[in-house]
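All remarks here apply to the structure that follows.
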Amino acid sequence: MATPWKRKVRKAGKITVKNDAANWKPVVEAAIKTFNVVGLGVTLESVAGDDADIVVKLSDGTGKHTFNDPYYGEVPVTATFDATAVHGKTKTLVDPDKNVIVKAVIFLPKRLKDVTAPIKEAVVVHEFIHAAGLDDNKDHDRTAGIFYSPLEYSGGRLVEWGTGGKAKAMPPVRVGNETTCKLKALWIDNFACD
Ligand SMILES: [Zn+2]
């Protein structure tokens, strides 16, 4: 299920991001710009401080991170994924009583080789959409775009799997209407999808 962010962040309509992504730093910055241009009801802001809402880091596939929140204390998380493939892994810290996201961490595939910066940027945009509140299992876009799952990577291009080559290859990143609608519904009061 899509999960809203905590009240303060949701009201601000802005999630702060600490970019700790080593040699992926430039593509993370590019992904932040792309995410903000699309218009998803929420924007991202790159910040230096340790109290950022989202941390972005590289992982060799066994990502470890410790959320450090003034209220929840230190909460360790791990994420196991294939760090040679064109995808990342996002983990959120959710308040179990209020069912709101308090913090998020994005692990990026450290061992991914021979892909262009725009492909890496596409991976990061997909993970930012997860970090903004859309779930791994239920919320992937069923129609189109960078939040479609599974995406197929070949010949330096990303395309929605099973679309018979009819879909336009990414990059540039496209965001499906279903994704835009679900995110806006999370972030904008009384938003109705058309
Ligand atoms: Zn996903």
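Residue numbers (numbering that gives the first Met the number 0): 0 to 193.
Beta carbons are placed, not taken as given, at the ideal position from N, Cα and C, and that holds for glycine.
Relative to the Cα of Glu151, the nearest Cα in the group Ala30, Pro170, Val8 and Asn176 belongs to Pro170.
Between the alpha carbons of Ala184 and Lys5 lies a gap of roughly 15 angstroms. Note on Arg110: under 16 other CB atoms within 10 angstroms of its CB, so exposed under the neighbour-count rule. The alpha carbon of Ile145 has as its nearest neighbour, out of Asp49, Val26, Val124 and Thr61, the alpha carbon of Val124.
Distance from the CA atom of Leu57 to the CA atom of Asn22, rounded to whole angstroms, is 9 angstroms. The Cβ atoms of Asp19 and Val55 lie closer than 8 angstroms to each other. Relative to ligand 1, Ser148 has its C-beta within less than 7 angstroms of a heavy atom.
Minimum Cα-Cα distance from Val27 among the listed residues His129, Cys180, Pro117 and Leu157 corresponds to Pro117. Contact between Val122 and Gly87 holds, with the beta-carbon distance rounding to 6 angstroms and staying under 8 angstroms. The segment 70 to 89 and the segment 99 to 114 touch, with no fewer than 3 CB-CB distances between them shorter than 8 angstroms.
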